Amino acid sequence: DSGVTQTPKHLITATGQRVTLRCSPRSGDLSVYWYQQSLDQGLQFLIQYYNGEERAKGNILERFSAQQFPDLHSELNLSSLELGDSALYFCASSVGQLSYNEQFFGPGTRLTVL
Amino acid sequence: TQLLEQSPQFLSIQEGENLTVYCNSSSVFSSLQWYRQEPGEGPVLLVTVVTGGEVKKLKRLTFQFGDARKDSSLHITAAQPGDTGLYLCAGVWGSNYKLTFGKGTLLTVNP
Numbered sequence: 001d002s003g004v005t006q007t008p009k010h011l012i013t014a015t016g017q018r019v020t021l022r023c024s025p026r027s028g029d030l031s032v033y034w035y036q037q038s039l040d041q042g043l044q045f046l047i048q049y050y051n052g053e054e055r056a057k058g059n060i061l062e063r064f065s066a067q068q069f070p071d072l073h074s075e076l077n078l079s080s081l082e083l084g085d086s087a088l089y090f091c092a093s094s095v096g097q098l099s100y101n102e103q104f105f106g107p108g109t110r111l112t113v114l
Numbered sequence: 115t116q117l118l119e120q121s122p123q124f125l126s127i128q129e130g131e132n133l134t135v136y137c138n139s140s141s142v143f144s145s146l147q148w149y150r151q152e153p154g155e156g157p158v159l160l161v162t163v164v165t166g167g168e169v170k171k172l173k174r175l176t177f178q179f180g181d182a183r184k185d186s187s188l189h190i191t192a193a194q195p196g197d198t199g200l201y202l203c204a205g206v207w208g209s210n211y212k213l214t215f216g217k218g219t220l221l222t223v224n225p
């Protein structure tokens with residue numbers, strides 16, 4: 001158990017819909033990272049927040065957005081969903097703001113878009 | 115865009131065999147990490163290497179960082195079924211805050 005929690009574990013929805021994925025970092029960690037993992041693309045970095053502020057951006061689509069709240073939990077919002085958005089979405093957390101600090105990954109949310 | 119290439123993509127061996135997987139980039143890493151991911155779980159950090167030529171050992175796993183800091187290898191001695199999983203390398207370049215992952219090597223160790 002990494003100490004990072006993600007909900008829900010599984011999510012099945014239809015194209016065009018909007019979903020919200022939730023992540024609670026390890027106690028004391030200020031950074032939250034979001035990743036998308038698919039068979040063809042591997043593990044892709046989406047976005048990082050540090051203490052409530054956006055810190056780094058990766059291959060995140062405009063249809064996707066995220067935020068980190070004062071209690072440090074984070075949400076990833078995915079809208080206008082397409083079939084190709086089906087993937088595993090991981091949240092990770094670390095103490096500092098540098099991504100080479102050890103990142104602790106949650107168990108992931110498996111999103112299926114039908 | 116920085117790219118990490120991992121090889122082989124798939125590896126299936128018998129228990130007790132040795133194996134090596136590789137991670138390469140055309141650019142110099144600031145640091146490189148190896149993760150292991152089991153089915154249905156998130157990746158777990160195994161090691162971080164920073165210095166060119168560095169060698170780190172974790173029980174039966176030996177990690178090497180190339181002298182030029184453009185490549186790394188993971189060697190497993192006497193593999194066991196519990197070593198089965200997806201081995202991912204991840205690198206950071208310069209002051210880039212983004213950790214970029216390779217696509218991984220899927221290792222299966224058969225009893």
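Here the protein sequences line up with chains V and S, keeping their order.
Per the numbering used here, the very first residue in the first sequence carries number 1; after that it's consecutive.
Per the numbering used here, the very first residue in the second sequence carries number 115; after that it's consecutive.
A virtual CB, placed ideally from N, CA and C, is assigned to each residue, including glycine.
Given the structure is predicted, the values throughout are model-derived calculations rather than measurements.
**Message:** Tell me which residues share the same chain as L114 of chain V and place their Cβ nearer than 6 Å to its Cβ, disregarding the 5 neighbours each side in the sequence.
**Reply:** A14
**Message:** For D185 of chain S, report the span of its beta strand (DSSP E) as first-last.
**Reply:** 185-190
**Where the beta strand (DSSP E) through Q123 of chain S begins and ends** = Looking at the DSSP string, Q123 of chain S is not in any beta strand (DSSP E), and its letter there is neither H nor E.
**Request:** State yes or no: is the C-beta of G216 of chain S within less than 8 Å of the C-beta of L200 of chain S?
**Result:** no
**Asked** So S80 of chain V is in the beta strand (DSSP E); what residue range does that whole segment cover?
**Response** That residue, S80 of chain V, is in no beta strand (DSSP E); it is neither H nor E in DSSP.
**Request:** Taking C-beta pairs closer than 7 Å, name the residues in chain S that P107 of chain V reaches, listed in chain order.
**Result:** E155, G156
**Item:** Residue of V:Y100, V:A66, V:Q48 minimising C-alpha distance to S79 of chain V
**Value:** V:A66
**Asked** Taking contact to mean at least 3 C-beta pairs separated by less than 8 Å, is the stretch 70-89 of chain V in contact with the stretch 126-136 of chain S?
**Response** no
**Request:** Quick one: residues in its chain with C-beta nearer than 6 Å to the C-beta of D181 of chain S, no 5 flanking neighbours on either side, listed in chain order?
**Result:** G166, G167
**Prompt:** Quick one, are the C-beta atoms of V19 of chain V and P25 of chain V less than 8 Å apart?
**Reply:** no
**Request:** For chain S, find out if any of its Cβ atoms is closer than 8 Å to the Cβ of Y89 of chain V; answer yes or no.
**Result:** no
**Message:** Short of 6 Å in beta carbon distance, which residues of its chain neighbour K173 of chain S, apart from the five on each side in sequence? Order them along the chain.
**Reply:** none
**Partner residues on chain V for S145 of chain S, Cβ-Cβ distance less than 8 Å** = Y100
**Prompt:** Within the chosen definition, does the stretch 181-198 of chain S reach the stretch 28-47 of chain V through at least 3 CB pairs nearer than 8 Å?
**Reply:** no
**Where Q17 of chain V falls, given that 16 or more other Cβ within 10 Å makes a residue buried** = exposed
**Message:** So, with DSSP's three-state summary, where would you put G52 of chain V?
**Reply:** coil
**Own chain, CB closer than 6 Å to N77 of chain V, minus 5 neighbours either side, in chain order** = T20, S65
**Prompt:** Does the beta-carbon of T214 of chain S have 16 or more other beta-carbons within 10 angstroms, so that it is buried, or is it exposed?
**Reply:** buried
**Message:** With DSSP as the reference, identify every bridge partner of S2 of chain V, one or two as the case may be.
**Reply:** Answer is none; S2 of chain V lacks a bridge partner.
**Request:** Name, in chain order, the residues that DSSP records as bridge partners for S140 of chain S.
**Result:** Beta-bridge pairing links S140 of chain S to no other residue.
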